[in-house]
Amino acid sequence: MESMLSKGYEPHEVEKKWYEHWEAGGFFAAPDQDDRPGYAIVIPPPNVTGVLHMGHALNITLQDILCRYRRLRGDNVLWMPGTDHAGIATQNVVERDLTAAGIDRHQLGREKFIEKVWEWRKTYGSAIINQLKKLGASCDWQRERFTMDEGLSRAVKKVFVALYEQGLIFRGNYIINWCPRCMTALADLEVEHEEHEGHLYHIMYPISGTDNGPVVATTRPETMLGDTAVAVNPEDERYQNLVGKTVDLPLTHRQIPVIADAYVDMTFGTGALKITPAHDPNDFEVGRVHNLPSIKVIGDDGKMTADAGKYKGLDRFECRKAVLKDLDAQGLLVKVESHDHGVGHCYRCHTVVEPNLSRQWFVKVGPLAEKALAAVQDGRTRIVPEKWENDYYKWLENIRDWCISRQIWWGHQIPAWTCTACGRLIVAEEAPARCPECSGTELMQDPDVLDTWFSSALWPFSTMGWPDNTPLLKTFYPTSVLVTGFDILFFWVARMMMMGLHFMDDVPFHDVYIHALVRDEHGKKMSKSTGNVIDPLTVIEKFGTDALRFTLTAFAAQGRDIKLSEKRIEGYRNFINKLWNAARFSFMHVKEDYRNTDFSGLSLPDRWILDRLKTVSQNMSAAIDTYRFNDAANDLYQFVWHEFCDWYLELIKPALYGNKGEAEQQSSQKVLWRVLHDTLILLHPIVPFVTEEIWHILPGADGSIMRATFPTDDPASKDISFDPDAVRDMGLIMAVITGIRNIRGEMNIAPSKALEVMVQTLDDSLTGLLEQNQEFIIDLARLAAFSVHPMGEKPKGTATVIVEDAVISVFLEGIIDFSQEAARLEKEIAKIDAEIDKLDKKLNNPGFVNKAPDAVVAKVRDLHQEFADKKLKLAGNLEKLQSLQSGTQS
RNA sequence: GGGCGGGUAGCUCAGUUGGGAGAGCAUCGGCCUUACAAGCCGAGGGUCACAGGUUCAAGCCCUGUUCCGCCUACCA
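Printed below as a string of C-alpha cells:
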C-alpha cells in the first residue's frame, strides 16, 4: 500500500486521469428533469478569441466550487457552458491574420470573410474551453453553446423582431461614438475615458463685416469647420447685443448665427460656445432645438470630408494642426491654455473615438430598465456584496438608449430589409420573399450586425432552448446564481436582467455574486504590456490546479481585489502536499472500511477531533451558502493542517501503533477513517483532483467522490454530536504540552532530551484529567517522567508554567543556567502585569461596572482573577529561584 | 465634477450585531522526532492612516482631514 503513494504529491497525471474519468463518466451531466432540486449556473461565456487569464481562473473556480458543493448536497446541478462570438474582437483577430497574408477583407467580400471567421473559430475556438477544463470546470459540456449557433441566433431574431414590434427598437440619426479604425459605432459603455493633458484653444469669430467678435473656446479646433452657430447664455450680459447677429466663421467664411441657449455655462471658458451638431452630442441637442443644419466634416475613416473645404482628406489630427496654424496666421487664435480633459477611446483598439452623426439602431431601454430596477429593489434578485446594488441602481436610473448596430461583418446580421423599389422597411425573423407594400422582390438586408452584448443578454434562457418551452427551462430557469466580475455588471448583468424579465417574465438569476479582480502582487492590473501577467497555465504546470484553486479561493474575500504572487500559490501547493502526506500516513494504519460504526468509548483526542470536524462541516456549508469563499478555505486550512495533522495525528500515533491496546487502536482507526472521509468531501469543491485521488485509496469509498454525500447530510456523520467537554479538556492538555514545549524552546533544550515534569494542583477534576491523559503529555512534550501532586512546596531547580489552576514544573537541574529561567519568568510576569493593568482600569471604572451587561463584567472579573492567580504563582517561583541562585553563589 | 472602496505586524490580508488585536508569508532560535525539510517545535513583531465625537467600552458607529485605488460624467 505504501509503495502506491509517492512521497510528494504529483498533480499532473492525477489531474488528467480524473478529469477524463469525470467527463467520460457523465459526472457533470444534468438531466433535463429530475426529482432532485435544480441548481443552475450559466457560465459567463468567454470570448472565442480568449486565452485563459487569472480572471477566468477565479471566475471558473468559484462557480465550480458552488456546483460541486451543490452536487454533494444532493441537487441536480446544471452548469451551462459556452462561448461568445465577440464581434469586434474576433473580426479584428481574423482581419489581422488576413492582413499578414496580404489580404484585405473588402477584397474577400462579406460572405467569404465570414466563412474565414467560422474556419478560424473551428480551429482556435475550443482553445479557451480546453483551458477551462484544465481548471477542473465541471460544466455539462454536452450542452455547450455558442452565441452564433443556430438556436441562439433564432432567439436573437425573435427578440429583435418582438422589441421592434413593441416599439422598443427603433432606427434614427443620432450622435454616436464612432471608432474610425474599427469603422463602427460603439455603445456608450464601449468607450473608455482617459484623462489627457490637452489644450483649450480660444478662437475669435468676427461679427460679420467687422474684425472683432466673440471668442469661443474648444479642445477640438478642427470641428470648427462644421460649426453652424455660436451659442451664449441668454442671461449673459456680455453677449446680449450679439444674439441674433451672425459671425463670419473663420477659414470657411460661412455666416453662422449667434444664438441664446441656457445650456451654455457662463463661467466656463469665455462663455461663448461653438456649436457643431455633427460632432458633439450636446451640440447635436442644441442644434435640434434651434433647427440648425449639421455639417459632417470628419468622415467615418477619421479623415476630413469635402465639407471641410481645403482640409479635405487630411487626418483629423493633422487637420487640427493645420487649422491652428491658419488661425494663428490670421491672428484669430487668441489664447492657448493647458486643459486636462477626458478623451474617449475604443475599448477594443484604443483609437480615439469620434462623436459622429450617424443612422443607427437603438433599444429604447427605459421601460426595460424599470423592470430590472424593481426586481433588485424587491429582492427577487440579490446582488452580493450588496454594495454593488447602488451602482446597479444608479446606472439603470440614468440609462440612455442603447446603440445596438455595428458596422462590422461578424455577428448577428440585423433582421431588417429595405425594398429597393419603394423603400419600405421590413423587420422579420426570416427574409421576406417580397415587399408587402409594392410586391417588389429586390430586398436589401441591413448590412449591420448587432452589438455582441445583445445576444449575451439572452444567454440565461437562449442557452436553454428558448423560444421553445423546453423542460430544461422549466427545471433550471431562473438560474440560481450568476458569478461574474464587476467590470461587466452593466454590459451584461443589467442587460440580462432586462431581457430576462421582459421575455421570460422572471429574473434570470436569484443571486448575482460579484467577485474581485485579480491583480499582481503590487496591486497593479495584470497586462501584457506591463509584463506582470501571471499565466494560470504556467502556474498549473508548476504547482498543480488544486494549488491555484485553493489560493484563489483563500483570497476571494468579498469586496477586495486579489493580489496574487507565485509565492502564495507555492504556499498552498504545500498545503495540498500536506494533505497528501497525512493521507499517506493514515493509510498505513487504516486498512478497513469503517463507514458504519458507533463512536462510543473514545479517547479524548478522538472525541475532540470529531467535535471539530462537525463544527468545521457546518462552518464550511454556512460559508459557501453565503459566498464567503475565503472563510471556507481558511477554516479548512486551519483544521486540516493545524488541528488534524499537527495535533490529532500526533496524539493518536501511540494508539495507532498499538501501544494502547487493541480497543483504542481500533477506535482511533475508525475515527481517523471518518475524519479523513469527511474532510475529503469538505475539501473536494475547492481541490477536486487531490481529493478524488485520495478518495480512491480510502478503504471502502467506492465510486467517485463527486457522488459522495456532504457530511452534514450524511446519517453516519449526523450521529456525531458536539462534545464541548472534549473541546475544553483537550484544550487544557494542549495548553500543558505547549507550556512545556515553550520552556524547552526558550531554554534551548534539545528536543532529544527527555524532561521530568511535576504538576501541582488542588483541583480534583484537573488532577483526574491530567492523570488519565498523561501519556499524551509524555509523548508530545517528550518527557521522561510526569506526575501530579496536590499543591505544596515548589520543587527546587525547576522552570514553571501555569495552566489554569495547575502549576507545571520542569526539572532543569544540571540542564540549564537558572538565570535564563529567571529572565523568562520576569518577562512573563511583565506581560501579565500589563494585562492586569488594563483590566484594573476597567473594573475601577464605575461606569463600566454599572452599565455594562453583567455577563461582560463577570467575564472581566474572572479574567482578572485568573491573571492575578497566575502572577502570584509565577512571582513566588521567581523569588524562590532568585534565593536559590544567591544561595548557590554565596 | 459626482460616487464608491480601502489605509490593521516587515509584506499580503482576515476581523459577521461595539466587550480580552488574528492568519499566511517573511524574520529569529532549535530540530533529519520512522506521513511530510514542500516538514516539525518555539520566539519576536502592531498609537488598527490622522484629528475630533458618541459610549461604561471603538479596529468596528458618527464628523472632518489626508493618502491610495476604482467606477462614472455632456464644462466646450
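Last residue of the first sequence: number 1764 in our numbering, and the count goes up by one each step with no gaps. Heads up, the beta-carbon is just placed ideally off N, CA and C, and yes, glycines get one too. This one's a predicted model, so the numbers in the text were calculated from it and none came from an experiment.
- Around the beta carbon of residue 1294, fewer than 16 other beta carbons sit within 10 angstroms, so the residue counts as exposed.
- When rounded, the separation of the alpha-carbon atoms in residue 1216 and residue 1227 is 11 Å.
- Closest in C-alpha terms to residue 1232, from the list 1259, 1155, 1274, comes 1155.
- Taking C-beta atoms as the reference points, residue 1350 and residue 914 count as a pair closer than 7 Å.
- Sequence-distant partners of residue 947 (beyond 5 residues in either direction) whose C-beta falls short of 8 Å from its own C-beta, in its chain, are 1495, 1584, 1587.
- In the DSSP annotation of this structure, residue 1293 is not part of any alpha helix (DSSP H); the continuous beta strand (DSSP E) holding it starts and ends at 1290-1293.
- Sequence-distant partners of residue 910 (beyond 5 residues in either direction) whose C-beta falls short of 8 Å from its own C-beta, in its chain, are 948, 949, 950.
- Sixteen is the threshold: when 16 or more other Cβ atoms of the shown chains lie within 10 Å of the Cβ of residue 1222, as they do, the residue is buried.
- Straight-line measurement puts the Cα of residue 1635 at about 13 Å from the Cα of residue 1669.
- One Cα belongs to residue 1393, the other to residue 1565, and the distance between them is close to 28 Å.
- When DSSP states are grouped into helix, strand and coil, residue 1266 belongs to the helix group.
- Rounded to the nearest whole angstrom, the CA to CA distance from residue 1047 to residue 1234 is 6 Å.
- Of the residues assessed, residue 1499 falls on the exposed side of the cut-off, its CB having fewer than 16 other CB atoms within 10 angstroms.
- For residue 1052, the enclosing beta strand (DSSP E) covers residues 1043-1053.
- Apart from the 5 residues on each side of it in sequence, residue 1442 sits with its Cβ closer than 6 Å to the Cβ of 1425 in its chain, given in chain order.
- Non-local beta-carbon contacts of residue 1534 in its own chain, meaning distances under 7 Å to residues more than five positions away in sequence, involve 1528 in chain order.
- By the neighbour-count criterion, in which a residue is buried when 16 or more other Cβ atoms sit within 10 angstroms of its Cβ, residue 1144 is buried.
- Of the other Cβ atoms in all chains shown, 16 or more fall within 10 Å of the Cβ of residue 1558; this residue is therefore buried.
- For residue 1373, no beta strand (DSSP E) run applies; the uninterrupted alpha helix (DSSP H) run containing it begins and ends at 1369-1378, by DSSP.
- It is roughly 20 Å from the alpha-carbon of residue 1343 to the alpha-carbon of residue 1016.
- The Cβ-Cβ distance between residue 1120 and residue 1129 falls below 7 Å.
- Per DSSP, residue 1284 has no beta-bridge partner at all.
- Burial check for residue 886: the Cβ neighbour count within 10 Å stays below 16, so the residue is exposed.
- Following the DSSP letters along the chain, one finds residue 1704 in no beta strand (DSSP E) but inside the alpha helix (DSSP H) bounded by residues 1692-1717.
- Residue 1601 sits away from residue 1679, with the two beta carbons spaced by 7 Å or more.
- Out of 1050, 1079, 1094, 1082, the CA that lies nearest to the CA of residue 1070 is found in 1094.
- A straight-line Cα-Cα distance of about 12 Å links residue 1705 and residue 1742.
- The residue from 952, 1065, 1590, 1567 with its alpha-carbon nearest to that of residue 1549 is 1590.
- Scanning the region 965-1038 for uninterrupted alpha helix (DSSP H) segments of 4 residues or longer gives 979-982, 984-998, 1001-1008, listed from N- to C-terminal end.
- Annotated as proximal: residue 1514 and residue 1453, with beta-carbon spacing under 7 Å.
- Residue burial annotation: residue 1297 is exposed, with fewer than 16 other C-beta atoms found within 10 angstroms of its C-beta.
- The region 1745-1753 makes contact with the region 1654-1674: 3 or more CB pairs, one atom from each, lie closer than 8 Å.
- Close CB contacts of residue 1066 within its chain, under the 6 Å cut and outside five residues either way in sequence, are with 1219, 1221 (chain order).
- With respect to residue 1560, residue 1447 sits apart: the two C-beta atoms are not nearer than 7 Å.
- Shown here for residue 1466: same chain residues with a beta carbon closer than 6 Å to its own, the five before and five after excluded, namely 1573 in chain order.
- Here DSSP, grouped into helix, strand and coil, assigns residue 1202 to helix.
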